[in-house]
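J.:
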Amino acid sequence: MLNIHNLSVSFQGEYLFEDITFRLGAGDRIGLIGKNGAGKSTMLKILAKELEPDTGQIAADKNLSFGFLKQDIDFVFGRTVLEEAYEAFKEIKILEAKMEEINQQLVERTDYESEGYHQIMVDLNDVQHQYEIIGGYNYQGETEKILQGLGFKREDFNKLTDTFSGGWRMRIELAKLLLQNNDILLLDEPTNHLDIESIIWLENFLKNYIGAVVIVSHDKMFLDNVTNRTIEISLGRIYDYKKPYSQYLILRQEIKDQQLASQKNQAKQIQQTEKLIEKFRAKASKATMAQSLIKKLDRIDRIEVDEDDNSVMTLNFPVSITPGKVVVEAENVSKHYGDLQVLNHIDLNIERDSKTAFVGQNGQGKSTLAKIIVGELKHEGQVKLGHNVQIGYFAQNQAEYLDGSKTVLDTMIDAANETNRSKVRDILGSFLFRGEEADKYVRVLSGGERNRLALAKLLLQPLNVLVMDEPTNHLDIKSKNVLKESLKKFQGTLILVSHDRDFLQGLTNKVYEFKDQEIKEYLGDIDFYLDQRNVENLREIEKRDVVKVQPKESNKQSYEAQKKLKSLNNRLSNIESKINQLEKDIKTIDVEIATNYDKTVADPEFFKKYQTKKDDLERLMLEWETVHEALEELK
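Numbered by this note's numbering, the letters in the sequence shown go through residues 103 to 737 in order.
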């Protein structure tokens, strides 16, 4: 399906990866893993032909189609959910515009007998034929079915996309990919911003997907549930095994252990050979044997052990000053977006040094309340911050809070003050932005690198309260662990919005569940909360009855079906052309009979020909009906 040969990409003189070769086949569901900045998103962009590699070749089957889900979705403001979903059908939309243009011409023209008018009719037929083949008469119903399968209600279809949360926008993008029926899906962090219900739906869809899938993700459970192959990018090379993530890690360690054992044995053999060489060199009678051993030693292929990139960021959030006992007090808080009510008369008290988790399905108001607390959203009701409260905010959509035209270093310097500006380089180094990495523009950073930069910026401001909205999105597994450990040590107050149970375990001592515009308090950690709800994990809490949407049958009809369809359409067009001509002939004869009846009666063959044309017209009308029914059956 797709062959990648000797692919290399470098940035600022350093290779992300060099001379990478692998093959992508139908049914492959690949987990593309590696540290932040290893080149995973770059690889997806190259496969999607959005980026050119420095060297190497990509050989693909003819007419191979790609669907690319990026980390950051760019929605055009002002479109409804339905209008955005219809963007999946570019070709259909072009043909609709053509048909509208042709129909307009037919309305405006009156030269019905001319060849030009006839040609317009032929053009219309051709466009309609193509429109039928690519599913033009079915796409609207199919779109509504998929959107409903993804949790949208019919009343949501005409709402603007900008009134929905990031997770719901991601669902629209997933719906578009499903509707396009691509041969290869490239998914960059698809579970970011998705609640558990959406993740389960996506897992079910991908398990049944007949094409190839390449997934960049740091969600271990998602990778284990979906993938059947893992490719890791590490230190410029790849490791490719036909195992899902967890099994791959075990296999990779086993291989490394074998390499270490083999290397140890080889080193012992080399050491023994070197001792013999030294021993034989001293004796003239053994000089030939010594030379033979030296040549043998030179020919040995030294066993190398796969290197691991174990570099991790260092992170510590210092508390600025001690705030008052009550940090946040919310009373009668409500928030709605247009007709959509998200929060309704919420009361909330956050006390100093508490560690609080916000959990629940997407769209229930978790991020909304976080933004209200940090003063980013207007609302009804009152929110008061306590004495000496200094908030540090980590937003879910970090891309919107960082200026892509600035370098990493400039971003930090602009956020620094006189007391910590001299420490900027040291802070960046601790977040793995060393040397020339600090001169990179923000726009070229991966999602994980942007998150690391956002975390680094937090260290430049005084804070005693941390509000973090999905901070683990885009972060690799090692960085997640570093962040978790730093938050455990944080001496201030923490408000954490997350869907990740592993991350939440051991971090919080209070849980607020968001559901149906209200919140419910649980005085315990995430495990206590799950125990109270009598479920094993957050997936059970967050999922509703998930509508299983199977990958639809391909819109691309088989060659034989298309051939038959085209034949029937041509036949129908031919019949319609003959009917049109016969109707014109009969109309002409009718006029002649009316204006010159005596002459027509005198010709014995006249009425015979007239009747033959009428009989032919009746036969063609019956034939048209039969062909039309056959066409409908085939569709």
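Note that CB positions come from ideal geometry on N, CA and C, so glycine has one too.
Does residue 675 come out as helix, strand or coil in the three-state DSSP assignment?
T.: Three-state result, residue 675: helix.
J.: Whole angstroms are fine: how far does the CA of residue 592 sit from the CA of residue 146?
T.: Approximately 37 Å, taken between the alpha carbons.
J.: Who are the Cβ neighbours of residue 187 in its own chain at under 8 Å, not counting the five residues just before and after it?
T.: Closer than 8 Å at Cβ, skipping near neighbours: 245, 248, 249, 274, 277, 278, 281.
J.: Just to confirm before moving on: does the CB-CB distance between residue 530 and residue 417 stay below 8 Å?
T.: No. Outside cutoff.
J.: Which ranges does the alpha helix (DSSP H) cover as unbroken runs of at least 4 residues, wholly within the region 529–568, from first to last along the chain?
T.: The qualifying runs are 549–560.
J.: Can you tell which of 537, 601, 497, 603 has the C-alpha that lies nearest to the C-alpha of residue 560?
T.: Ranking 537, 601, 497, 603 by Cα distance to residue 560 puts 497 first.
J.: Return the residue from the list 564, 533, 339, 546 that minimises the CA-CA distance to residue 423.
T.: Residue 423 has its Cα closest to that of 564, out of 564, 533, 339, 546.
J.: Would residue 286 be called buried (16 or more neighbouring beta carbons within 10 Å of its own) or exposed?
T.: Residue 286 comes out buried.
J.: Going by DSSP, which residues form a beta bridge with residue 107?
T.: Answer is 159, bridged to residue 107.
J.: Do residue 315 and residue 290 come within 8 Å of each other at the CB atom, strictly closer than that value?
T.: Cβ atoms of residue 290 and residue 315: not closer than 8 Å.
J.: Would you kindly work out how many angstroms separate the C-alpha atoms of residue 189 and residue 268, rounded to a whole number?
T.: Looking at the two C-alpha atoms, the distance is approximately 18 Å.
J.: How would you label residue 390, buried or exposed, when you count the other beta carbons within 10 angstroms and need 16 or more for buried?
T.: So residue 390 counts as exposed.
J.: Comparing C-alpha positions only, which one of 725, 325, 191, 254 sits nearest to residue 306?
T.: Nearest C-alpha to residue 306: 325.
J.: Taking the alpha-carbon of residue 394 as reference, which of 404, 375, 214 has the nearest alpha-carbon?
T.: Residue 394 has its Cα closest to that of 375, out of 404, 375, 214.
J.: Measuring CB to CB, does residue 467 end up less than 8 Å from residue 486?
T.: No, these two residues do not count as a Cβ contact at 8 Å.
J.: Does the region 152–165 come close enough to the region 206–218 to have 3 or more Cβ pairs within less than 8 Å?
T.: Taking 8 Å as the limit for Cβ pairs, the verdict is that the region 206–218 does not touch the region 152–165.
J.: Exposed or buried, which one is residue 430 when buried takes at least 16 other CB atoms within 10 Å?
T.: Buried: at least 16 other Cβ atoms inside 10 Å.
J.: Would you be able to state if there are at least three C-beta pairs under 8 Å between the region 445–461 and the region 606–624?
T.: With the cut-off at 8 Å, the region 606–624 and the region 445–461 touch.
J.: Any contact between the region 119–131 and the region 231–242? By contact I mean 3 or more CB pairs, one from each, below 8 Å.
T.: Verdict: no, contact absent.
J.: Looking at the secondary structure, which residues open and close the alpha helix (DSSP H) in which residue 587 lies?
T.: Unbroken alpha helix (DSSP H) run through residue 587: 579–591.
J.: Rounded to whole angstroms, how far is the Cβ of residue 488 from the Cβ of residue 425, which I believe are closer than 8 Å?
T.: That belief holds up - the Cβ atoms of residue 488 and residue 425 are roughly 5 Å apart, short of 8 Å.
J.: Please confirm whether residue 419 has its beta-carbon closer than 8 Å to some beta-carbon of chain C.
T.: Although the question refers to chain C, the structure presented lacks it and comprises just one protein chain.
J.: Out of curiosity, what's the CA-to-CA distance linking residue 369 and residue 608?
T.: Distance between the alpha carbons of residue 369 and residue 608: 45 Å.
J.: By the DSSP assignment, the alpha helix (DSSP H) with residue 271 in it spans what residues?
T.: It spans 268–282 - the alpha helix (DSSP H) in which residue 271 sits, taken as one unbroken run.
J.: Is it buried or exposed for residue 709, if we count other Cβ within 10 angstroms and need 16 for buried?
T.: Label assigned to residue 709: exposed.
J.: Near residue 104, what residues of its chain come up, given a Cβ to Cβ distance below 6 Å and the 5 sequence neighbours on each side ignored?
T.: If we look at residue 104 and ignore the five residues flanking it on each side, its Cβ neighbours are 126, 162.
J.: Quick one: using the 10 Å Cβ neighbour count with 16 as the cut-off for buried, is residue 151 buried or exposed?
T.: Exposed is the call here.
J.: Take residue 567 as the anchor and find which of 494, 705, 538, 520 has the nearest alpha-carbon.
T.: Among 494, 705, 538, 520, the Cα nearest to that of residue 567 belongs to 494.
J.: Quick check on the DSSP output: what are the complete beta strand (DSSP E) runs of length 3 or more inside the region 604–639, in order along the chain?
T.: 612–617, 620–624, all fully within the region 604–639.
J.: Considering only C-alpha positions, which residue in the set 329, 373, 533 is nearest to residue 135?
T.: Here the closest residue by C-alpha is 329.
J.: Select from 302, 158, 712, 540 the residue whose C-alpha is nearest the C-alpha of residue 463.
T.: Taking only the C-alpha atoms, the option nearest residue 463 is 302.
J.: What are the boundary residues of the beta strand (DSSP E) that includes residue 446?
T.: 442–453 is the extent of the beta strand (DSSP E) around residue 446.
J.: Using the C-alpha atoms, what's the distance from residue 472 back to residue 571?
T.: In a straight line, the C-alpha of residue 571 is about 7 Å away from that of residue 472.
J.: Quick one: any contact between the region 505–516 and the region 542–550, if contact means 3 or more CB pairs under 8 Å?
T.: Result yes; three or more Cβ-Cβ pairs closer than 8 Å.
J.: Tell me which same chain residues have a C-beta within less than 7 Å of the C-beta of residue 602, skipping the five on either side of it?
T.: The residues are 574.
J.: My assumption, with CB atoms under 8 Å, is that residue 293 sits in contact with residue 183. Please give the rounded CB distance.
T.: Not confirmed; about 21 Å, so no contact.
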